[in-house]
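Asks:
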Amino acid sequence: MALKHVNAVVVGAGAGGGIAAKELSEAGLSVVLLERGGWSHFWDYAHDELISQRTTPLGNAFGPDDEKYRRVVVDRDGSSRVVLPSEGAYCNNAACVGSGTVSYGAMAWRFMQKDFMMRSTYSAPDGSTLEDWPIRYEDLEPFYEKAEWEIGVAGDDTQNPFAPPRRRPQPMPPFRYNTEGRLLDPAARRLGWHPFPIPMLRNSVPYGGRPACIHCRFCVGFACEVNAKCGTHNTAIPAAIATGNCELRTQCVASEIILDEKGRAGGIVYFDETDRRQTQTSDIVVLACSATETPRLMLNSRSRLFPGGVGNRNDWVGRNLQGHAYAGAFGLFEAETYDDAGPGACLAICDFNHGNAGLRGGGAICNEFIRTPYLFTSRRPPGSPAWGRGHKDFQRRNFKRCVAVHGPVQEMPVFDARVQVDPAVKDYWGIPVVRLSGSRHPHDLEISRFLADKAALWLKEAGATETWPKLPGSGLSGGQHQAGTCRMGNDSKVSVTNSYGQVHDVENLFVADASLHVTNGGFNPVLTIMALAYRVSDYIKREWKGTRFRA
Amino acid sequence: MRKARYPRRKFIRDVAAVAGGLSVLPACNKSRGRWRFFTEEEANTVYAICEQIIPTDQDPGAAYAGVPNFIDKQLVGPYKRFQQAYRKGLAGVQETSLAQFGARFESLKWDQQTEVLKILEAGKARGRTWETGSPKVFFELIRDHTMQGFYGSPRHGGNWDYVSYRMLGLDYPQVIGQNRYKKA
Chain G
1 MALKHVNAVV VGAGAGGGIA AKELSEAGLS VVLLERGGWS HFWDYAHDEL ISQRTTPLGN
61 AFGPDDEKYR RVVVDRDGSS RVVLPSEGAY CNNAACVGSG TVSYGAMAWR FMQKDFMMRS
121 TYSAPDGSTL EDWPIRYEDL EPFYEKAEWE IGVAGDDTQN PFAPPRRRPQ PMPPFRYNTE
181 GRLLDPAARR LGWHPFPIPM LRNSVPYGGR PACIHCRFCV GFACEVNAKC GTHNTAIPAA
241 IATGNCELRT QCVASEIILD EKGRAGGIVY FDETDRRQTQ TSDIVVLACS ATETPRLMLN
301 SRSRLFPGGV GNRNDWVGRN LQGHAYAGAF GLFEAETYDD AGPGACLAIC DFNHGNAGLR
361 GGGAICNEFI RTPYLFTSRR PPGSPAWGRG HKDFQRRNFK RCVAVHGPVQ EMPVFDARVQ
421 VDPAVKDYWG IPVVRLSGSR HPHDLEISRF LADKAALWLK EAGATETWPK LPGSGLSGGQ
481 HQAGTCRMGN DSKVSVTNSY GQVHDVENLF VADASLHVTN GGFNPVLTIM ALAYRVSDYI
541 KREWKGTRFR A
Chain L
1 MRKARYPRRK FIRDVAAVAG GLSVLPACNK SRGRWRFFTE EEANTVYAIC EQIIPTDQDP
61 GAAYAGVPNF IDKQLVGPYK RFQQAYRKGL AGVQETSLAQ FGARFESLKW DQQTEVLKIL
121 EAGKARGRTW ETGSPKVFFE LIRDHTMQGF YGSPRHGGNW DYVSYRMLGL DYPQVIGQNR
181 YKKA
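Chains G and L supply the protein sequences, listed in that same order. Be aware that the first sequence starts at 1, since it is given in this note's numbering, and climbs by one per residue. Be aware that the second sequence starts at 1, since it is given in this note's numbering, and climbs by one per residue.
#1: Within 8 angstroms, do at least three Cβ pairs link the region 49-60 of chain G to the region 252-265 of chain G?
#2: Does the Cβ of Q322/G have 16 or more other Cβ atoms within 10 Å, making it buried, or fewer, making it exposed?
#3: Nearest CA to the CA of D427/G: which residue from E49/G, M172/G and Y69/G?
#4: Output the distance between the C-alpha atoms of Q112/L and K454/G, rounded to the nearest integer angstrom.
#5: Taking 8 angstroms as the CB-CB cut-off, is S134/L touching chain G?
#6: Measuring straight from C-alpha to C-alpha, what distance separates V536/G and T377/G?
#7: Tell me the DSSP secondary structure of S553/G in three-state form.
#8: Please confirm whether L120/L has its beta-carbon closer than 8 angstroms to some beta-carbon of chain G.
#9: Measuring only the C-alpha atoms, how far is P211/G from V102/G?
#10: Any beta-carbon of chain L closer than 8 angstroms to the one on G390/G?
#11: So is P165/G in contact with chain L if we call contact Cβ pairs under 8 angstroms?
#12: List the whole-angstrom C-beta distance separating A108/G from A533/G, where the pair is believed to meet the contact cut-off of C-beta under 8 angstroms.
#13: Round the Cβ separation of W133/G and M530/G to the nearest angstrom and send it over; I've been treating them as touching at under 8 angstroms.
#14: Return the first residue and the last residue of the beta strand (DSSP E) that S80/G is part of.
#15: Chain C partners of I71/L, CB-CB under 8 angstroms?
#16: Using a Cβ cut-off of 7 angstroms, pull out every chain G residue sitting near P68/L, in sequence order please.
#17: Tell me the DSSP secondary structure of Y165/L in three-state form.
#18: How about L50/G: is its C-beta nearer than 8 angstroms to some C-beta of chain L?
#19: Counting only the same chain and skipping the five closest in sequence on each side, list residues whose C-beta sits under 6 angstroms from that of Y165/L.
#20: Could you say which of T294/G, F62/G, D283/G and S123/G lies nearest to S515/G if we only look at CA atoms?
#21: Name the chain L residues that come within less than 8 angstroms of K400/G, Cβ to Cβ?
#22: What in chain L is Cβ-close to R277/G, meaning under 7 angstroms?
#23: To the nearest angstrom, report how far apart F82/L and M117/G are at their CA atoms.
#24: I257/G and N7/G look like a contact to me (Cβ under 8 angstroms); what is the Cβ gap, rounded to whole Å?
#25: So, are the CB atoms of P171/G and W193/G less than 8 angstroms apart?
#26: I want to see whether chain L comes within less than 8 angstroms of G59/G, judged by CB atoms only; does it?
#27: What are the uninterrupted segments assigned as beta strand (DSSP E) that are 3 or more residues long and contained completely in the region 260-338 of chain G, given in chain order?
#28: Please decide whether Y374/G counts as near chain L, where near means a Cβ-Cβ distance under 8 angstroms.
#29: Three or more C-beta pairs under 8 angstroms: does that hold for the region 50-60 of chain L against the region 384-399 of chain G?
#30: Quick one: Cα of I119/L to Cα of Q84/L, how far?
#31: Throw me the rounded Cβ distance for the A228/G and N203/G pair, which I believe falls under 8 angstroms.
#32: Answer yes or no: do V163/L and P68/L have a C-beta to C-beta separation smaller than 8 angstroms?
#33: Any chance the region 263-277 of chain G sits against the region 42-53 of chain G, with 3 or more Cβ pairs inside 8 angstroms?
#34: Alpha helix (DSSP H) containing H443/G: first to last residue?
#35: Would you list, in chain order, the members of the region 139-152 of chain L that have their beta-carbon closer than 7 angstroms to a beta-carbon of chain G?
#36: Would you say T56/G faces chain L, with C-beta separation under 8 angstroms as the test?
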């Protein structure tokens with residue numbers, strides 16, 4: 001039986017897709033929201049470190065699973081290998097309702113004004129496609145505000161002199177400092193820096209009908225036991241369903257965008273929970289599957305007009321894959337710094353996001369989330385014993401005496417860091433899988449070394465007896481902060497969508513996830529993904545009233 | 001007063017049944033002798049290697065924590081793909097051990113065992129097995145799996161008796177339901 005035609009299909013129920021589904025269904029459009037995973041529940045994996053989103057040796061708590069999914073990674077020597085979702089090189093984003101917003105650390109950053117103008121501020125280094133966004137911070141500001149109030153953010157930007165201007169404060173008071181925060185705050189001030197509490201998509205007080213955080217040890221990497229973490233699974237998606245206009249279909253894996261003879265999108269072909277092939281037709285299609293899966297879906301959708309994949313006339317789909325190089329330092333202290341009070345990460349500085357001599361940008365530096373015991377086994381000064389009595393002594397002595405400060409480096413986009421579809425390897429449903437290749441720009445490593453030095457300085461000022469740097473490798477970036485593969489821009493030759501996420505040449509096909517990011521900020525990207533999804537939806541709603549996107 | 005009282009006789013019978021069930025539990029502990037993947041010989045080698053990686057001192061080590069049980073369990077589950085690496089790697093450990101000290105790994109003295117593992121870790125082990133597989137890669141594999149078994153959640157068959165959480169001074173189950181931040 002054919003499925004009933006709807007106004008919009010949204011693919012991916014994560015940070016972007018959840019919001020697009022809510023906005024469109026509230027505006028009266030009939031919406032089908034497709035999600036390849038299902039609803040996740042805290043008790044599925046509870047506080048199991050080996051199946052979390054942070055450390056995944058035995059699998060991904062929030063999907064995808066190792067049985068049905070594969071990717072191909074091309075190493076620097078040109079050889080390729082198949083990787084599983086539980087392996088780091090896979091660059092996994094969670095496959096469940098809410099996606100990463102279920103298990104994230106939930107930092108709620110607004111990008112700074114210069115983050116939207118990287119090329120005009122710094123000029124592009126050799127080998128980078130560094131560019132300005134087609135929009136400015138001011139264009140996104142109202143949508144940041146909407147995300148903060150509708151999803152829920154605890155923070156106080158007035159304590160951050162580098163924060164971009166805002167009209168309205170964050171809705172919840174910031175989280176208090178834990179022991180680390182109380183140690184690091186005065187140290188930063190002595191250095192002349194400007195520490196402030198990290199804005200968080202987490203309830204510091206009851207908000208949105210959900211309780212306040214109980215400060216448990218487990219946070220980043222785990223679902224919240226008391227539902228105090230704010231994601232689209234407990235805000236936007238229930239709101240979308242409550243309109244009566246949105247149908248959420250879980251365990252549905254999209255394989256192709258339907259394209260007609262005129263090059264317009266006509267819906268989505270997907271495999272349902274019983275692996276049956278279904279065709280859902282629609283007036284518009286919104287892609288929000290992550291910066292790896294969105295380009296994969298586009299590249300797998302070919303027609304006479306788009307032989308290389310929809311929207312890919314100029315070979316820009318899947319290009320410029322970015323994430324975040326994480327740079328910082330670890331420090332050991334005489335006294336215990338661990339107070340078993342989550343979320344752990346509580347303060348940051350933005351003194352080094354911009355204006356660093358000889359460098360293009362930088363990044364925020366924050367104290368780290370609580371380190372779980374297995375994760376801590378890899379936190380060692382260089383040359384330390386990795387096993388035996390030395391390992392055990394270090395673990396026992398320093399688990400509660402180790403502080404990490406680090407931050408996400410704004411990366412220089414590289415054209416050849418890319419997502420393709422593999423010509424041979426297919427997943428369980430027979431869909432060609434993502435093929436990842438390329439590497440980081442060397443400038444990212446220069447910025448990383450600079451930030452690592454500042455981090456070490458900070459820890460020493462706070463009384464660390466020993467510090468050692470945390471530096472990224474030079475391989476391909478991506479990971480959970482993956483972005484950039486369907487760049488938005490005004491020139492259709494060097495971008496994939498216009499400034500509203502509308503794919504060039506395909507007026508009823510939209511992207512509403514981090515694929516749109518031209519650059520990825522020196523910050524965790526989720527609030528920007530949410531704000532962009534609000535902005536893309538706002539445009540669709542306005543256009544819908546006039547043309548309904550009918551040719 | 002409730003109408004239907006719980007008959008005393010039934011109560012005693014039920015308590016006896018539960019207590020009997022509990023007394024069986026330590027016996028389950030001994031069932032670590034029944035392996036899912038390892039042979040008895042391999043299991044002995046794995047015990048000795050894991051204990052080297054996280055030795056017993058004032059706190060219990062990897063053997064007490066049931067790390068071999070953890071690895072064995074994962075090798076027929078998510079770690080099926082490492083079965084051959086273990087089969088071959090454990091044979092290689094014996095080969096290196098025999099070549100170096102003329103005896104099986106588990107019967108070597110503590111420091112001799114350490115030396116064999118250091119040779120593996122440095123990738124310098126020789127022997128037929130290692131001609132087609134890296135000793136370094138195998139050592140890193142079993143080292144990492146030992147860490148997972150010792151420090152990960154007890155639900156996977158390691159971290160017996162929450163030994164690593166006790167060692168680190170972490171409450172388990174965690175005490176929650178209170179605001180743990182001190183008043184600033």
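Virtual Cβ for every residue (Gly too), placed ideally from N, Cα, C.
Replies: Let me spell this out:
#1: no
#2: Buried, because 16 or more other Cβ atoms sit within 10 Å of the Cβ of Q322/G.
#3: Y69/G
#4: 44 angstroms
#5: no
#6: 43 angstroms
#7: The first residue shown for chain G is 1 and the last is 551, placing residue 553/G beyond what the model contains.
#8: Not closer than 8 angstroms to any Cβ of chain G, the Cβ of L120/L fails to qualify, so no.
#9: 16 angstroms
#10: no
#11: no
#12: 14 angstroms between Cβ atoms; not a contact.
#13: About 16 angstroms separates the two Cβ atoms, so there is no contact after all.
#14: S80 to V83 is the extent of the beta strand (DSSP E) around S80/G.
#15: Here the protein chains are G and L, and chain C is not one of them.
#16: The premise fails here: P68/L is roughly 16 angstroms from chain G at the closest Cβ pair, so nothing lies under 7 angstroms.
#17: helix
#18: yes
#19: Y172
#20: T294/G
#21: Taking the beta carbon of K400/G as reference, the chain L residues within 8 angstroms of it are L168 and G169, listed in sequence order.
#22: Result: empty, since nearest Cβ-Cβ is about 29 angstroms, beyond 7 angstroms.
#23: Between the C-alpha atoms of F82/L and M117/G there is a straight-line separation of about 48 angstroms.
#24: The beta-carbon distance between I257/G and N7/G, rounded to whole angstroms, is 16 angstroms. This is too long to meet the 8 angstroms contact definition.
#25: no
#26: yes
#27: 265-271, 277-287 and 325-332
#28: Judged by the 8 angstroms Cβ criterion, Y374/G is in contact with chain L.
#29: yes
#30: Computed Cα separation, rounded: 21 angstroms.
#31: 4 angstroms
#32: No, the pair does not count as a contact, with Cβ atoms beyond the cut-off.
#33: no
#34: P442 to E461
#35: Across the region 139-152 of chain L, CB contacts with chain G closer than 7 angstroms involve R143, M147, Q148, Y151 and G152, in sequence order along the chain.
#36: no
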